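Our numbering applies: residue 1 is where the sequence shown begins, and numbers increase by one.
Have a look at the structure below, then the notes.
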Amino acid sequence: MHPRLGTQLIAGFAALAAIILSSGWLYYRNERQSAHEQARRHLAALADSKSAQIAHWLAERHGDAKLAKSNTQLMPVLRQVTRGAAAGPGIASAQAWLDGFIAAYQYEAATVFDTTGAPRASAGRIAPTPVLLRSFLDEVLRSPESVLQDLHTRTSGSIRFGIAVALRERPGDPPFGVLLLEIDPAKFLFPAIRSWPVESATGEAVLVRREGTDALVLNNTRHQDDAALRVRIHLQDAAAPSVQATPGYGATQSGTDYRGVPVFAVTRRIPGSPWSLVAKIDESEVEQPLRDEATLLAISLASFLAASALLATLLWRQRYASLLQRRHLAEIERLRMRNSYENLSRYANDIILVSDENLNLLDVNEKACSVYGYDRETLLQLSARELRAPDCVADIEERVNVLRDQNGAIYATKHRRCDGSTFPVEVSSRSFRIDGTLYFQAIIRDISEREQFERQLRETNEQLRTFIDSAPVGIAALDAGGIITHWNPAAERISGYPASQVIGHHHRESPGFLSTLHLGHPNRIGDLTRTRADGAAIVLSISSAPLPGRRLPSGRHPNVHRCHRSARGIDRPP
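What follows is the structure, encoded as structure tokens:
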């Protein structure tokens, strides 16, 4: 047995254990980061949704105030109210309007104040005290828009806030009073903040504002029912999300809440208000599923390591014999493949070249040496670029890029022998990798004889076409289906029909000149009377014969038909 086998197995098992443990730790760390990020994304989405919902609701309340102050018919009546009028139909209509307004828009109270802050008319449950309005009366009278009266505690202990707007008879006039619409936050604002879209033991949203050196909690929280306008967090506690949410601080992703518990939190400012929203959840709740999963993962990894140790023991007994057997079989296969490849390459009729990625030749067969005129040692010192004809070198980089991208290509070009002569070739090339290294193989065929044959064929076809077109008799060619494919100038002259009107039509649909023919058999018909395109009658002698050379469906061959004018023509030749 190999003396190093035991050491290798122990080292392998230790490496496997290290990989498994590090993989388990990395997996747990990634899952933990993913869970944290998912919690933050969920909190961000929830904070965005709630802040947008609250901002939209506030905008609707400001819209209500704008609607109230735009009632031009009511403004003169309210002006009388602010001046101290206590009776009359106008006063009764103003009171009815206030009662109807709070009933329609669900406000707790609506109060009209004069410019000194004294209440003149009200509707609803409890009218506000002038002290609460005077604190921001000047701001309301100066502002052309409605102003938010922030959350505050009434003497009764209830929490309210409102929307105040200056009253003017016409836009641009000085204000004659103030309308204050009071809102109970317990009806919409606090429930909207407290609602949580998914089941959670610790998730909650908190509304805060900056007040002096503190961040003041504005609503009752999940963990403290009397927190509204009571719980304060000093601004020096920078780790608290409520502090991070106040103006002058940035949003945070983690910290400790008002209970001193580590949380993930996302903060959003509420547009049009001094409020900020904090959406948070305890870190312990986010990580609890991870701790459960970590326990199961640890048990699984321990079981896997025990199984790996048992497997290593079995491999220690079998590996060496198996390794020797595999090496022996691999060597036999390698030698067989090498001999097969060398025989195939050496005696191939085509040129075979193998090069590296830079086109330096690494292997060539005997055909390459005989065609290019180099001995093997000299040829292996060259690059594939040097075998190209000088006028065909420009596109070689493009060919190489195609080989890298598509693994293979077939194209024609010209190569150069050692004496400088060139010859046309067809190249079938491909790329392959061995141990990560890229190689190119090209099978090259000399196509000089093929190009010469094609050139001679083209010349013969041109000669035949010239003969047909210059013949003094009319000649038409038909395919196996009887479709006319050629109509020479003499046929145009005899019939009066140009080739464009005849070619592509069946011979029986032609002007009648070829209607009596039988395809696939020699025909000779004389003294037929036909009518030319100009209406003149002529006598024709027609003969036809199948063209040899290729089989067609139904055993038919293309036919060539020759049309001759008879010496006894009824009309004169053109």
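Where is the CB? At the ideal position from N, CA and C, for every residue including glycine.
Values in this document were obtained by computation on a predicted structure and should not be read as measured data.
Would the stretch 399-410 and the stretch 422-431 be scored as touching if the rule is three or more Cβ pairs under 8 Å?
The stretch 399-410 makes contact with the stretch 422-431: 3 or more CB pairs, one atom from each, lie closer than 8 Å.
Hey, quick one: how far does the beta strand (DSSP E) through VAL263 stretch, first residue to last?
Taking the sequence shown and counting its residues from 1, one reaches residue 263 at position 263. Annotation for VAL263: the continuous beta strand (DSSP E) segment containing it runs 262-269.
If we count the other Cβ atoms within 10 Å of its Cβ and call it buried at 16 or more, is LYS187 buried or exposed?
One-based indexing of the sequence shown puts residue 187 at position 187. Classification of LYS187: exposed, given that the 10 Å Cβ count is below 16.
Would GLU37 be called buried (16 or more neighbouring beta carbons within 10 Å of its own) or exposed?
For this step, residue 37 is matched to residue 37 along the sequence shown. Exposed, because fewer than 16 other Cβ atoms sit within 10 Å of the Cβ of GLU37.
Cβ-Cβ separation, GLY157 to GLN149 (assumed contact under 8 Å), whole Å
What you label residue 149 is simply residue 149 of the sequence shown in a count that begins at 1. What you label residue 157 is simply residue 157 of the sequence shown in a count that begins at 1. Between GLY157 and GLN149 the Cβ distance is about 18 Å, and since that is not below 8 Å, they are no contact.
Helix, strand or coil for GLN381 per DSSP?
Here residue 381 refers to the residue found at position 381 when the sequence shown is read from its first residue. Note: GLN381 maps to coil in three-state DSSP.
If I measure Cβ to Cβ from ARG259 and keep anything under 7 Å in the same chain, skipping five residues before and after, which residues do I get?
As a first step, residue 259 is located in the sequence shown; it is residue number 259 there, counting from the start. For ARG259, same chain residues with a beta-carbon under 7 Å away, outside a window of 5 residues either side, are HIS223 in chain order.
DSSP beta-bridge partners for ARG41?
What you label residue 41 is simply residue 41 of the sequence shown in a count that begins at 1. Bridge partners of ARG41: none, in fact.
Does the separation of the CB atoms of ILE159 and ALA228 fall below 8 Å?
The residue labelled residue 159 in the question sits at position 159 within the sequence shown. The residue labelled residue 228 in the question sits at position 228 within the sequence shown. With contacts defined as CB atoms closer than 8 Å, ILE159 and ALA228 qualify as a contacting pair.
When VAL502, GLU462, ARG194, ASN523 are compared against ALA533, the one with the closest alpha-carbon:
Locating residue 533 in the sequence shown gives position 533, where the first residue counts as 1. That would be VAL502, whose Cα lies nearest to the Cα of ALA533.
Under the three-state DSSP convention, the category PRO424 falls into
The residue given as residue 424 occupies position 424 in the sequence shown. PRO424 carries a strand assignment under DSSP once its states are collapsed to helix, strand and coil.
Report back the beta-carbon spacing between TYR107 and GLU182 to the nearest angstrom; my notes put them in contact at under 8 Å.
The residue labelled residue 107 in the question sits at position 107 within the sequence shown. The residue labelled residue 182 in the question sits at position 182 within the sequence shown. Contact flag correct, Cβ pair sits at about 6 Å.
So SER495 is in the alpha helix (DSSP H); what residue range does that whole segment cover?
Reading the sequence shown from its first residue, position 495 is the one you call residue 495. 489-495 is the span of the alpha helix (DSSP H), which, as asked, contains SER495.
Quick check for students: name the residue ranges of the beta strand (DSSP E) that lie wholly in the stretch 77-105, counting only runs of 3 or more.
Whole beta strand (DSSP E) segments, 3+ residues: zero.
Please check the pair ALA384 and ARG416, which I expect to be a contact at CB under 8 Å, by giving their CB distance rounded to whole angstroms.
In the sequence shown, residue 384 corresponds to position 384, counting from 1. In the sequence shown, residue 416 corresponds to position 416, counting from 1. That belief does not hold up - the Cβ atoms of ALA384 and ARG416 are roughly 12 Å apart, past 8 Å.
Output the distance between the C-alpha atoms of GLY63 and TRP57, rounded to the nearest integer angstrom.
On the sequence shown, position 63 is the one that residue 63 refers to. On the sequence shown, position 57 is the one that residue 57 refers to. Straight-line Cα distance between these residues: approximately 10 Å.
Where TYR249 and GLY255 are concerned, what is the direct C-alpha to C-alpha distance, given to the nearest angstrom?
As a position in the sequence shown, residue 249 is number 249, starting the count at 1. As a position in the sequence shown, residue 255 is number 255, starting the count at 1. The pLDDT assigned to TYR249 is 44, lower than 50, so where the model puts this residue is not dependable; a value taken from the coordinates is nonetheless given after this. Our two residues, TYR249 and GLY255, have alpha carbons roughly 14 Å apart in a direct line.
Cβ shell of VAL231 (< 7 Å), same chain only, five flanking positions each side left out:
Indexing the sequence shown from 1 puts residue 231 at position 231. The answer, listed in chain order, is VAL217, GLN224, TYR258.
Which one or two residues does DSSP pair with SER23 in a beta bridge?
Numbered from 1 along the sequence shown, position 23 holds the residue referred to as residue 23. BP columns for SER23 are empty, so no partner.
What does the Cβ neighbour count give for LEU311, buried or exposed, with the cut at 16 atoms within 10 Å?
The count along the sequence shown starts at 1 and reaches residue 311 at position 311. Around the C-beta of LEU311, fewer than 16 other C-beta atoms lie within 10 Å, and the residue is accordingly described as exposed.
Just mark TYR411 as buried or exposed, buried being the case when its beta carbon has 16 or more other beta carbons within 10 Å.
Against the sequence shown, residue 411 aligns to sequence position 411. Flag for TYR411 reads exposed.
If distances are taken between C-alpha atoms only, which option among ALA11, ILE542, ALA192 comes closest to ARG524?
Position 524 of the sequence shown, counting from 1, holds the residue named residue 524. If we check each option's Cα against that of ARG524, ILE542 comes out closest.
LEU277 and LYS50: beta carbons closer than 8 Å?
For the purposes of this step, residue 277 is taken as residue 277 along the sequence shown, with counting starting at 1. For the purposes of this step, residue 50 is taken as residue 50 along the sequence shown, with counting starting at 1. For the pair LEU277 and LYS50, the CB atoms are nearer than the 8 Å cut-off.
Determine the closest residue to LEU528 out of ARG134, LEU167, LEU540, with distance taken between C-alpha atoms.
Looking up residue 528 in the sequence shown gives position 528. The residue from ARG134, LEU167, LEU540 with its alpha-carbon nearest to that of LEU528 is LEU540.
Would you mind listing the alpha helix (DSSP H) stretches within the stretch 144-211 that are 4+ residues and don't spill past its ends, in chain order?
List check, alpha helix (DSSP H) in window: 189-194.
Near ASP114, what residues of its chain come up, given a Cβ to Cβ distance below 7 Å and the 5 sequence neighbours on each side ignored?
Stepping through the sequence shown from its first residue, residue 114 is reached at position 114. Result list for ASP114: THR82, ARG120, GLY177, in chain order.
Quick one: is THR466 buried, meaning 16 or more other Cβ sit within 10 Å of its Cβ, or exposed?
Taking the sequence shown and counting its residues from 1, the one referred to as residue 466 is at position 466. The residue in question, THR466, is exposed, as its Cβ has fewer than 16 Cβ neighbours within 10 Å.
Just the C-alpha distance for ALA94 and VAL266, rounded to the nearest angstrom, thanks.
In the sequence shown, the residue the question calls residue 94 occupies position 94. In the sequence shown, the residue the question calls residue 266 occupies position 266. ALA94 and VAL266: Cα-Cα distance of roughly 46 Å.
Span of the alpha helix (DSSP H) around THR460:
As a position in the sequence shown, residue 460 is number 460, starting the count at 1. Where THR460 is concerned, the enclosing alpha helix (DSSP H) starts and stops at 448-470.
Assumed close pair ILE475, ASN461 - CB separation to whole angstroms, cut-off 8 Å:
What you label residue 475 is simply residue 475 of the sequence shown in a count that begins at 1. What you label residue 461 is simply residue 461 of the sequence shown in a count that begins at 1. Between ASN461 and ILE475 the Cβ distance is about 15 Å, and since that is not below 8 Å, they are no contact.
Could you name the residues that DSSP lists as bridge partners for ASN360?
As a working note, residue 360 is residue 360 in the sequence shown. Note: ASN360 sits in a beta bridge opposite SER383.
CB-CB under 6 Å to LEU137, same chain, minus the five flanking residues each way: which ones, in chain order?
Start at 1 with the first residue of the sequence shown, and residue 137 comes out as number 137. These residues qualify, in order along the chain: GLY117.
Quick check on ASN523: does DSSP put it in helix, strand or coil?
The sequence position of residue 523 within the sequence shown is 523, counting from 1. ASN523 falls in the strand class under three-state DSSP.
Does the Cβ-Cβ distance between GLY373 and ASP419 come in under 8 Å?
In the sequence shown, counting from the first residue as 1, residue 373 sits at position 373. In the sequence shown, counting from the first residue as 1, residue 419 sits at position 419. Yes; because the gap between Cβ atoms is below 8 Å, this pair is in contact.
Provide the residue span of the alpha helix (DSSP H) that contains ASP282, from first to last.
Start at 1 with the first residue of the sequence shown, and residue 282 comes out as number 282. No alpha helix (DSSP H) contains ASP282, which is instead part of the beta strand (DSSP E) from 276-282.
Residues bridged to GLN288 [DSSP beta-bridge criterion]:
Indexing the sequence shown from 1 puts residue 288 at position 288. Paired residue(s): none; GLN288 is not in a bridge.
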